[in-house]
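Engineer: No gaps in the numbering here: position 62 of the sequence shown is 62 in the UniProt record's numbering, and each next residue is one more.
Each residue gets a CB set at the ideal place from its N, CA and C atoms; glycine is no exception.
I'd like to ask you about the structure that follows.
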Amino acid sequence: MNCFYLRKKFMSGNRRRRSKQKIETTTNTPDIINCSSGAPLPSTSFSTADNFSPPTNSLLREADTSRKLRIFTFAQLKTATDNFSLSSVLGEGGSGCVYKGQVESLDEPTRMVDVAVKRLKKNGFQGHREWTTEVNFLGIVDHPNLVRLIGYCAEDGERGTQRLLVYEFLCNGSVFHHLSPQSSIPLPWMTRLKIALCAARGLTYLHEEMEFQIIFRDFKTSNILLDQNWNAKLSDFGLAREGPTEEKSHVSTAVMGTLGYAAPEYMQTGHLSTKNDIWSYGVVLYELITGRMPLDRLRPKGEEKLLDWIKPYISNRNKFPMILDPRLDGQFSLKSAQQLAAVANSCLQRDPKRRHKMSDVLKVVQTIVNNAEDIPNQT
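This is the structure we're talking about:
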């Protein structure tokens, strides 16, 4: 069927052994390359997936029983989103549109709770596979830095196939939105550090703390959502893949993801490992530092590609402050910014073997956050 289906039978013995490495918190120039050379500049999704059959509801059984996911009818979600009104739209992606809605609380049926409802587009099997992947994956995991799946809808009727996902609602939106020029209030520096820490915790859980290894494969700022306390949670697991077993270094798969975030070796060979996520994490760290997108053709010539633009600055302490997001208006800790850049550099090594495992990265980011200098007017 060629569908990704998580199974509980994977034992902890299948997890790969990982060597211990030390991350130096200095801003030496990393051996990074432009992984999007020759590709269009917009940060758009890409895929070289083959054709496959759509999933069936039988694949949902284990996820359904693991976390007690709620099963919604299409009529319920239609009512919850005010008939999928434009005023309810939170965002739109390649696989579907996300709406804000309200459903009854299971604990207190008289109380309504806010939710985010993703409605799958009716065209294409790729969206069906991603939908099934999310249900099976989010149905069996539980971590404070992963978005929580509340339930789903799967109906086949006279009006066609209806596939929807119902998530917890995160009121502060995506990191991508807050870093964009359209955001009226820039993210404070301490909040950016908190986002880096939360994201590292989420990736460490996926890579190293489960009975099977999960490769996120589409880690980017638009897939990092923020709750009311500005805690970051990873979302949109449609492209997630089970990692290799202990005796293998990678899995071979169709190249899928978002330009500007995918690791060069994955783009070139289709060999996927957790090192792809670690590369993507390095890119996101530089987004938090600079406030720039990985690929932006609206920038002047020479500044369109983030990893190319930063190279002259990151190895020079005097020039380094020039890459910091100007919207911070001087309200940042230069020391912690330089240390965070050093972590990014370690994640952006051209040779994937030289990239540190996520738990090592997490330890360093945690130390940076713990030692961050107080900044006036920031909480």
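1) Is the beta carbon of A200 sitting closer than 8 Å to the one on L306?
2) Unbroken alpha helix (DSSP H) runs of length 4 or more, entirely within the region 170 to 249: which are they?
3) Drop a sphere of 10 angstroms on the beta-carbon of S156, count the other beta-carbons inside from all chains shown, and report buried for 16 or more, exposed for fewer.
4) Return the residue from the list L328, K311, A154 and Q182 that minimises the CA-CA distance to A289.
5) What's the gap between the Cα of M256 and the Cα of G151?
6) Would D308 pass as a contact of T258 if the rule is Cβ separation under 8 Å?
7) Verify the contact flag: S333, CB atom, against every heavy atom of the ligand ADP, threshold strictly below 7 Å.
8) Could you give the distance in angstroms between the alpha-carbon of A240 and the alpha-carbon of S315?
9) Rounded to the nearest angstrom, what separates Y313 and S87 at their Cα positions?
10) If I'm right that L120 touches R163 with Cβ under 8 Å, what's the distance once you round it to whole angstroms?
11) Should D114 be labelled buried (16 or more other beta-carbon atoms within 10 Å of its own) or exposed?
12) Ends of the alpha helix (DSSP H) at residue 390?
13) Assuming contact is defined by CB atoms lying nearer than 8 Å, are Y281 and C347 in contact in what I supplied?
14) Helix, strand or coil: which one does DSSP assign to G282?
15) Please state whether the Cβ-Cβ distance between K233 and V147 is less than 8 Å.
16) Using C-beta distances below 7 Å, list every residue in its chain close to R292, excluding the 5 sequence neighbours before and after it, in chain order.
17) Three-state secondary structure (DSSP) at V76?
18) Find out if the Cβ-Cβ distance for the pair Q213, T274 is shorter than 8 Å.
19) Checking 8 Å against the spacing of the C-beta atoms, do F216 and L138 come in under that value?
Structural biologist: Taking the structure as given:
1) By one-based count along the sequence shown, residue 200 stands at place 200. By one-based count along the sequence shown, residue 306 stands at place 306. No.
2) 175 to 179 and 189 to 208
3) Taking the sequence shown and counting its residues from 1, one reaches residue 156 at position 156. A small correction: the amino acid at residue 156 is Asp; Ser does not occupy that position in the sequence shown. D156 comes out exposed.
4) Within the sequence shown, the letter at position 289 stands for residue 289. The sequence given here has Ile at residue 289, not Ala. The alpha carbon of I289 has as its nearest neighbour, out of L328, K311, A154 and Q182, the alpha carbon of L328.
5) Here residue 256 corresponds to residue number 256 of the sequence shown, with the count starting at 1. Here residue 151 corresponds to residue number 151 of the sequence shown, with the count starting at 1. Distance between the alpha carbons of M256 and G151 is about 26 Å.
6) What you label residue 308 is simply residue 308 of the sequence shown in a count that begins at 1. What you label residue 258 is simply residue 258 of the sequence shown in a count that begins at 1. No, they are not a contact pair.
7) The ligand ADP is absent from the structure shown, which contains no ligands of any kind.
8) To locate residue 240, count along the sequence shown from 1; it is residue 240. To locate residue 315, count along the sequence shown from 1; it is residue 315. Distance between the alpha carbons of A240 and S315: 34 Å.
9) Reading the sequence shown from its first residue, position 313 is the one you call residue 313. Reading the sequence shown from its first residue, position 87 is the one you call residue 87. Those two C-alpha atoms are separated by around 43 Å.
10) Within the sequence shown, residue 120 is the residue found at index 120, counting from 1. Within the sequence shown, residue 163 is the residue found at index 163, counting from 1. Going by Cβ atoms, the distance from L120 to R163 rounds to 4 Å, so yes, they are a contact pair.
11) Numbered from its first residue, the sequence shown carries residue 114 at position 114. It counts as exposed.
12) Because the chain spans 1 through 379 in this model, residue 390 falls outside it and cannot be assessed.
13) As a working mapping, residue 281 is identified with position 281 in the sequence shown. As a working mapping, residue 347 is identified with position 347 in the sequence shown. Between Y281 and C347, the gap from beta carbon to beta carbon is short of 8 Å.
14) If you number the sequence shown from 1, residue 282 lands on position 282. DSSP places G282 in helix when its eight states are reduced to three.
15) In the sequence shown, residue 233 corresponds to position 233, counting from 1. In the sequence shown, residue 147 corresponds to position 147, counting from 1. For K233 and V147, yes; Cβs fall inside 8 Å.
16) Position 292 of the sequence shown holds residue 292. Excluding residues within five positions, the ones whose Cβ falls inside 7 Å are L306.
17) Taking the sequence shown and counting its residues from 1, one reaches residue 76 at position 76. It should be noted that the sequence gives Gln, not Val, for residue 76. Three-state result, Q76: helix.
18) Stepping through the sequence shown from its first residue, residue 213 is reached at position 213. Stepping through the sequence shown from its first residue, residue 274 is reached at position 274. Cβ distance < 8 Å, so Q213 and T274 count as in contact.
19) For the purposes of this step, residue 216 is taken as the residue at position 216 of the sequence shown. For the purposes of this step, residue 138 is taken as the residue at position 138 of the sequence shown. No, the pair does not count as a contact, with Cβ atoms beyond the cut-off.
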